[in-house]
Structures are given as structure tokens and as C-alpha cells.
Amino acid sequence: MSISKALINLDWLEMYFIGKITPIEEDLSDGTINDHYQINQHFQLNRSYENKHPSFDLCYHIIIGKQKVGYLFYRSNGKYRFANADTIQVRIDNHILYQTGLSSMLYNIQQSLNITFHSYYRIDIAIDGYNIIKRHNVLSQSKEYRRKRSIRVNGIYDENTKAHTSFVLGASKSDKTISIYPKQQQIIDVQKHYIGDYWKRNGLTIRKNDTIDRVEIRLSRKLLQHFTAIFEELEIPIFLASIFKTNANDILEFVEIANHKHREHLINWESFGKLTIKKPKTTIKQETNTRYKPIIKQLFLEILKQAKQDENNEINQCHLDTLAHFAFNYGLCNWVTKTIAKWGKEFQKTLL
């Protein structure tokens, strides 16, 4: 039996446009550049210095209304040979993909800036469902079935259960890569609560004896070059499922060795034809907690150093209180619990 209850959604969207943005070009011709451009009443570009791109000199936050929806990379620096010198790259923020109105927003970007869609650079499509990893383990370890297409399989292997806890199917640098991994705890660890809300709205609720896993396909520019600029299609579950199936079904399908006509699919593709996705009008991007992980690790190492040197316990208590503050306030308690033993081993190696 294939995975029956599942949701599908875009999880990464990056594209190329062609054109010149008039107010920026006017400033560049005068040898100046501004950090803010009010394109119209509801559309603005704000300079970003934190998210640089190796192929472009300028990066701007795209802000529609009061919401930051993504990044715009502008003015090719020649490090990558684009077919058109006026290439612009646009990357949509992840949380925006989990709210309504994606297509109208993309048309808004195109029309407000007076630029033309060229092609998609990268699209990730995610399918979330119950016990996908368990199901894949059963099929891949079966002596009765074999994968329809041989492919490199990497992942995290649990020696105790003799099963994988995650998979990467295909080479990381290939035109497409499929990942299968547990998603339930991750959305807590990385503060993506809008995905949890998306699940809840669509009936994929956390259950005691099941896990919510994700199978995700990443498609590169080469495989996307013939896609049209009909942005409405990106919001249709059956369209996303057809793209996913076309590029991944031979990898996620298993053939019975004794009877090749009998096949088992990891995903129930037919279910997406009847699927209606419910999304909120707006989503909130939680502040990323990644920046606090190095701080917490360094505080823990300082605690170990103080203990080793048998120095002032008050300093250690201060470090411990600060560590606890960061871990609790930024939702990193589970991450610390999982990682702390590794830090201890690393510290012991420095003493040898």
C-alpha cells in the first residue's frame, strides 16, 4: 500500500527575469545607489547586505504591502555567463509559499518592476505524509521487490534498528535530488511553525504512533527550462504532483521480482487529483535560531574549560544560565540535548 494521506506544496522557488529596473539604473548612471526604492504605493525594494549572491552586485528585499516576500539579485557581475546581460534573479521566501496568492504576487513583481519572466532556476516540491520513512525502509529492504531504477542511496543509518532514518536518492550535484527525512521535529527545531499550521489546516495532525515525514524533490535549471510562466499552475496540487511523478516515480516505485506487472508505489499519486489545499492569507516568518547555535556551543565549551581548570564556579554558573536562556528562548533545547554529547567528545580530543 502506498502512502495515502499526504500533502504537496512548493518548498523553494527561485527564478530568472530579464530587464532593467528604471530607478536603480538612473542612480547607477549617476554613479550612486540607494538603499531604498519605493516602486509604487504598495511595492518597495530595500537593500540587503546580509544575503549576497556571487553572481550579482546588488541584493534587495522585495516588500509588497508590509510583508517581505523574498530577495531580488540585480546587476550581473560577470562571474556567471548569463545568456542575457540584464538577467535578474528572484528568490521567494519559504514561508510565503505556505500562504495564498503566490501567482498574483509573482505577476505583481513582474509588472511593478516592468521585467519579463525568463525561466525557473530552482524548484523544490515537498510531499508530507505519515510514516514515509518506515514505508521506504520496508520496500527498499524487501527481498520480494526491487527499485524500478537503480540509484545512489545515501542517508543516516541506525545501527540499532538496522534501518535508515533519512535518505538522499541521487547525487547531490545532479539535476535532481530526492530527499526523505523526518519533518515533524524539524519544524520545531528551526522555528517553521507555519508548516505545522499548514498541516493542521489540511488534516495532517501529529499522532502518537505515527511520524510525519517528508519526501522532497529538488529540480535544477536544466530540467525547468521549458516550464512556462503560467504562475497559477504553481498553486495547483495535481500540477505539482505531475512534475514530481514525472521526475521521481521510477525512483520511488518498486517492482515485484517474480511478477514485474505488480508494483508498489511509495506515493499515492491519484490522491492529489482530489486534493484541495487550505492556506492562510499571510504567514509569519519566525526569527531563525541558527545564529544562536555557535553561541550555545561556545558557552558549553567554556563551562568545560572552567571545570577542567577548577576555576571560579560563579563564572560557570553565569555561562550555564546564559546557555539555558538561549536554548529555551530560541527553541533549541532538543537540539542541545541531541548535540551536547558530541561537543563533549570534541572537547576531550583537544586535551589529548
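Numbering (this note's numbering), first residue to last: 652 to 1003. Idealized CB from N, CA, C, for every residue including glycine.
Could you check if residue i is buried or exposed, using at least 16 other CB atoms within 10 Å of its CB as the buried criterion?
i     : result
L664  : buried
F895  : buried
F818  : buried
D864  : buried
A958  : exposed
Q695  : buried
A909  : exposed
I776  : buried
M652  : Annotation note: pLDDT 49 at M652 (below 50); position unreliable, coordinate value reported separately. Answer is exposed; the Cβ neighbour count stays below 16.
A992  : exposed
K843  : buried
D809  : exposed
I881  : exposed
H746  : buried
L1002 : exposed
H787  : buried
R800  : exposed
R742  : buried
G729  : exposed
T988  : exposed
Do residue i and residue j have their CB atoms nearer than 8 Å?
i     : j    : result
F923  : I889 : yes
I774  : I829 : no
Y688  : Q740 : no
T856  : P833 : no
L870  : N853 : no
I715  : N759 : yes
S727  : H712 : no
H970  : E997 : no
I691  : S763 : Reading off the sequence shown, one finds Asn at residue 691, where the question assumed Ile. Taking 8 Å as the Cβ cut-off, N691 and S763 qualify as a contacting pair.
R914  : E907 : yes
F905  : R803 : no
L926  : L950 : no
L1052 : L753 : This structure leaves residue 1052 out entirely; the chain is present only between 652 and 1003.
Q836  : N980 : no
I887  : I831 : no
F1005 : Y725 : Nothing can be reported for residue 1005: it is not among the residues displayed for the chain, which extend from 652 to 1003.
L748  : L891 : no
Where do the N-terminal and C-terminal ends of the beta strand (DSSP E) with residue i fall, by residue?
i    : result
Y933 : As written in the sequence, residue 933 is Thr, which differs from the Tyr given in the question. No beta strand (DSSP E) contains T933, which DSSP labels as neither H nor E.
Y700 : Looking at the DSSP string, Y700 is not in any beta strand (DSSP E), and its letter there is neither H nor E.
N691 : H687 to N691
W663 : A657 to I669
F818 : F818 to L820
S871 : I863 to S871
H877 : No beta strand (DSSP E) contains H877, which DSSP labels as neither H nor E.
I713 : F707 to I715
Y796 : Y796 to R798
Locate the alpha helix (DSSP H) running through residue i, then write down its first and last residues.
i    : result
F890 : P888 to L903
I784 : I783 to Q792
S830 : First-last for S830: K827 to P833, but that is the beta strand (DSSP E), not the alpha helix (DSSP H).
H913 : No alpha helix (DSSP H) contains H913, which DSSP labels as neither H nor E.
Y845 : H844 to R852
L679 : T673 to S680
Check your understanding: Is the number of C-beta pairs between the region 962-972 and the region 923-931 that are closer than 8 Å three or more?
Key -> no
**Study point:** Those runs of the alpha helix (DSSP H) which lie wholly inside the region 718-766 and span at least 4 residues
**Key:** 753-764
**Study point:** Cβ contact (3+ pairs, closer than 8 Å) linking the region 721-741 and the region 759-773
**Key:** yes
Check your understanding: Touching or not, the region 866-873 and the region 773-789, by the rule of three or more beta carbon pairs under 8 Å?
Key -> yes
Practice item. Evaluate contact between the region 791-801 and the region 873-881, counting only Cβ atoms and requiring at least three cross-stretch pairs below 8 Å. Key: no
Practice item. Just list the alpha helix (DSSP H) runs in the region 954-987, keeping only unbroken ones of 4 residues or longer that don't cross its boundaries, in chain order. Key: 964-980
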